[in-house]
Amino acid sequence: MSNVLVLVDHTDGQVRKTTAELLTIARRLGDPVAVFVGDGVQDALPALGQYGATKVVALTNPELTQFLVAPKAEALQQVAAKVEPAAILISSNAEGKEIAARLAVKLESGLITDAVDVQEGAVTTQSVFAGNYTVQAKVTHGTPIITVKPNAATPEAAETSPEVEEFDVTISDAAKTARITDSKPREATGRPELTEAAIIVSGGRGTGGDFGPVEAFADSLGAAVGASRAAVDSGWYPHAYQVGQTGKTVSPQLYVAAGISGAIQHRAGMQTSKTIVAVNKDEEAPIFELVDFGVVGDLHKVLPAATEEVIKRKS
Amino acid sequence: MKIVVCAKFVPDATADRRFRPEDNTVDRAGVDGLLSELDEYAVETALTVKEAAGDPGDTVVTVLTVGPEQAADAVKKGLQMGADAGVHVLDDAIHGSDAVATSLILAKALAKLEADLVVFGMGSTDGSMGVVPAMVSERLGLPAVTLGSDVTVDGQTVRIRRDGDTASDTIEGTLPLVLSVSDQANEPRYPSFKGIMAAKKKPVETWSLADLELSADQVGGSAAWTEVVEVTARPPRTAGTIVTDDDSGPAGSGAHQLVEFLSTNKFL
């Protein structure tokens, strides 16, 4: 079988769930070869083997992480030249998309971003125009380069014991031009990552700036917290948690919109969620057109009461 | 300094956006279009950089677009906001170009314009791939500092703050470079009446592929490296249950019914 490159998404060797999803998808297309950039490959090895990586290519050149994406794209180009993969799969986040973009130009290959599914023959599915259309596409030239969104597949274990191969790459001076001079880690919230969460509870204008009830309800469900653009623009919640066209696009099992009217800007980011629930004072709010279950009521009253009942039932 | 803002003309997100059945490309003619909202932040960034320059008269802000005839509206909006000049790359052969081909056209035009600072929005509101800035940077061999939420130009150094998923990074590069800005970067200005009148007198050039030394077979649908196999309109969501929270006891309690729903659907 042919090789399929998977760029590993990790923090100091802690492999993210998206990588397990990519490896699962890669197995539909060929033998997954994981490309690991940075330190901690030994820590990552068990997780990579669990999801079927047949080989792990480790790139430890420090220049790969001191600069923005350009060196990583060069490195992947060199790995691809050796491995001759049938496809290259990368996580669909800001960095992943830029690496993929550069790689597409370098390898003269077609690029598909934001796939929510990839099937045999590297046929992808994307959700476009605020989730109003589903598009199936394929790459017709070069090596298919596909960036895949979180939750595109359910990780399926397929135990292997991959060998680690150190791979030495050469980084050109031209790629060392956008330098990361400072990095402040985001404070951990203890909640699941927004784009990866199975359940999300989001607050909007209707919170009046008080996200307490939204966070408490989220915590009772083990959910991530999101926010509408109106709430973010008002300075009530950080931009990193914005769901919508200019924020994160999410597709969880359950999405709870509290005090969010459901403007197109927001719908673009959550319309493909499996189940949608809304709490809003305004019975005319467009969000109610999308819901599986809606409560017309004050979130400041409904959410705390619901939180209490969830906690009671779970205990 | 020559600042060029790459602006995209997109179908209005609040309109009924659709695909052309004959070739599965975005219908750009049958749906009202406008300057992609996210590119307004790029125009604003360019104008702010110009205004902060020692001698703003030495800095020229050009709005560059690639698109069909109506895309001239995107250039016009940029000029009304305060940009100095416009370039519209217009050629029938461009229809159906994918992101890779679009980046080729933009890169050629940017080279011809001898841009020192290229500014993009974070993505378009139609395709929303967000990959063109990186591709243009790759083609021109220029540094790219992308997704800036805060931008400072200090002499030859461009510094941005990028708020990522796990960290907030400071990133810098040296001019000439490619910059993209997020919707957190600024508050785009509205065109003033004076700006709207002045825009009518500003120079706009229309370039063909030949002007960029590109041939028709390098771009367009036939040169695209990706193919849309199928387009399906998402079926409308079936109407859900909507209850009204009242004080009539547990049966009327919105919270109780909500938790019942979550429990029945195994979310607890």
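Heads up: the protein sequence lines correspond to chains A and B, in order. If you want our numbering, it's the position in the first sequence, counting the first as 1, plus 37. If you want our numbering, it's the position in the second sequence, counting the first as 1, plus 924. We put the CB at the ideal spot given by N, CA and C, even for glycine. Remember, it's a predicted structure, so these values are computed and weren't measured experimentally.
Own chain, CB closer than 6 Å to SER265(A), minus 5 neighbours either side, in chain order: Closer than 6 Å at Cβ, skipping near neighbours: GLY241, ILE297 and HIS303.
Distance CB(THR232(A))-CB(ALA295(A)) smaller than 8 Å: For THR232(A) and ALA295(A), no; Cβs fall outside 8 Å.
Please say whether VAL332(A) and LEU1182(B) have beta carbons closer to each other than 8 Å? Cβ atoms of LEU1182(B) and VAL332(A): closer than 8 Å.
Quick check: what's the CA-CA separation for VAL1102(B) versus ARG228(A)? About 35 Å.
With PRO222(A) as the anchor, note down where its beta strand (DSSP E) starts and where it stops. Note, PRO222(A): beta strand (DSSP E), 216-222.
Would you call the segment 109-116 of chain A and the segment 202-209 of chain A in contact, with 3 or more CB pairs under 8 Å? Touching, yes.
Among ASP1015(B), GLN1108(B) and GLU993(B), which residue has its Cα nearest to the Cα of GLN279(A)? When each option's Cα is compared against that of GLN279(A), the closest is GLN1108(B).
Exposure label - ILE348(A); buried when at least 16 CB within 10 Å: If you draw a 10 Å sphere on the C-beta of ILE348(A), you find fewer than 16 other C-beta atoms in it, and that means exposed.
Determine the burial state of MET38(A): buried for a count of at least 16 other Cβ atoms within 10 Å of its Cβ, exposed for fewer. MET38(A) is exposed by the Cβ-count criterion.
By the criterion of Cβ-Cβ separation under 7 Å, what are the contact partners of PRO1067(B) in chain A? Chain-ordered, the chain A residues with CB closer than 7 Å to the CB of PRO1067(B) read THR214 and ALA215.
For LEU66(A) and GLY133(A), which I take to be in contact (beta-carbon distance under 8 Å), what is that distance rounded to the nearest angstrom? Actually they do not touch by this definition, with Cβ atoms about 18 Å apart.
Can you name the residues of chain B whose CB is closer than 8 Å to the CB of GLY168(A)? In chain order: ARG1158.
Check whether the Cβ of GLN1108(B) lies closer than 8 Å to any Cβ atom in chain A. Residue contact with chain A for GLN1108(B): present (Cβ-Cβ distance below 8 Å to some residue of chain A).
Tell me which residues share the same chain as ASP270(A) and place their Cβ nearer than 6 Å to its Cβ, disregarding the 5 neighbours each side in the sequence. For ASP270(A), there are no CB contacts under 6 Å within the same chain when 5 residues up- and downstream are skipped.
Run of the alpha helix (DSSP H) containing PHE1044(B), from where it starts to where it stops: First-last for PHE1044(B): 1041-1045, but that is the beta strand (DSSP E), not the alpha helix (DSSP H).
Less than 8 Å between CB atoms is the rule here; does VAL287(A) satisfy it with respect to chain B? When Cβ-Cβ separations below 8 Å define contact, VAL287(A) makes no contact with chain B.
Could you work out which residues of chain B lie near GLY147(A), taking near to mean beta carbons separated by less than 9 Å? ASP1022, VAL1024, ALA1148, TRP1149, THR1150 and GLU1151, listed in chain order.
Starting from THR161(A) and walking both ways along the beta strand (DSSP E), at which residues does that stretch end? Per DSSP, THR161(A) belongs to the beta strand (DSSP E) from 160-165.
If I measure Cβ to Cβ from LYS974(B) and keep anything under 6 Å in the same chain, skipping five residues before and after, which residues do I get? For LYS974(B), where only same-chain residues beyond five positions count, the Cβ hits under 6 Å are PRO980, THR983 and VAL985.
Note down, in chain order, each residue of its chain lying with its Cβ closer than 8 Å to the Cβ of THR949(B), except the 5 sequence neighbours on either side. For THR949(B), where only same-chain residues beyond five positions count, the Cβ hits under 8 Å are PHE943, HIS1019, GLY1020, GLY1145 and VAL1152.
In this structure, how does DSSP classify TYR292(A) when only helix, strand and coil are distinguished? In the three-state reduction of the DSSP assignment, TYR292(A) falls in the strand class.
Quick one: list the residues of chain B neighbouring ASP329(A), beta-carbon separation under 7 Å, in chain order. Counting only Cβ-Cβ distances below 7 Å, ASP329(A) has contacts in chain B at GLY1164, in chain order.
Going along the chain, which residues of the segment 235-269 of chain A sit with their C-beta nearer than 8 Å to a C-beta in chain B? Going along the segment 235-269 of chain A in chain order, one finds ILE236 and LEU258 with a Cβ nearer than 8 Å to chain B.
Please classify PRO1159(B) as buried or exposed, where buried requires at least 16 other C-beta atoms within 10 Å of its C-beta. Exposed, because fewer than 16 other Cβ atoms sit within 10 Å of the Cβ of PRO1159(B).
I think PHE330(A) touches GLY1164(B), with their Cβ atoms under 8 Å apart; what is that distance to the nearest whole Å? Correct: roughly 5 Å between the Cβ atoms.
Since LEU962(B) and THR1049(B) should fall inside the 8 Å C-beta cutoff, what is the C-beta to C-beta distance between them, to a whole number of angstroms? Indeed, because the Cβ distance is near 6 Å, the residues count as touching under 8 Å.
Sequence-distant residues of the same chain with beta carbon closer than 7 Å to ILE324(A), five excluded per side: These residues qualify, in order along the chain: ALA294, ILE297, SER298, GLY299, ALA315 and ASN317.
Got a sec: is the Cβ-Cβ distance from LYS338(A) to anything in chain B below 8 Å? Yes, LYS338(A) counts as interfacial toward chain B.
I think VAL78(A) touches GLY50(A), with their Cβ atoms under 8 Å apart; what is that distance to the nearest whole Å? Rounded, the Cβ-Cβ distance is 7 Å, consistent with contact.
Counting only C-beta atoms, is GLY296(A) closer than 8 Å to chain B at any point? No, GLY296(A) lies away from the interface with chain B (no Cβ there is under 8 Å from its Cβ).
Determine the closest residue to GLY1065(B) out of ALA1031(B), ASP936(B), VAL1075(B) and LEU1136(B), with distance taken between C-alpha atoms. The shortest C-alpha separation from GLY1065(B) is found at ALA1031(B).
Within 10 angstroms of the Cβ of MET1121(B), are there 16 or more other Cβ atoms? Answer buried if so, exposed if not. By the beta-carbon neighbour count (other beta carbons within 10 angstroms, threshold 16), MET1121(B) is exposed.
Does the CB of VAL94(A) have a neighbour CB from chain B at under 8 Å? At a cut-off of 8 Å between beta carbons, VAL94(A) makes no contact with chain B.
For a test of the three-state rule: what should DSSP assign to SER146(A), helix, strand or coil? Of the three classes helix, strand and coil, the one that applies to SER146(A) here is coil, per DSSP.
Going along the segment 1087-1107 of chain B in order, which residues come within less than 8 Å of chain A, judged by CB to CB distance? For the segment 1087-1107 of chain B, the residues whose beta carbon sits under 8 Å from a beta carbon of chain A are, in order, ASP1087, GLY1088, ASP1089, THR1090, ALA1091, SER1092, ASP1093, THR1094, ILE1095, GLU1096, GLY1097, THR1098, LEU1101, SER1106 and ASP1107.
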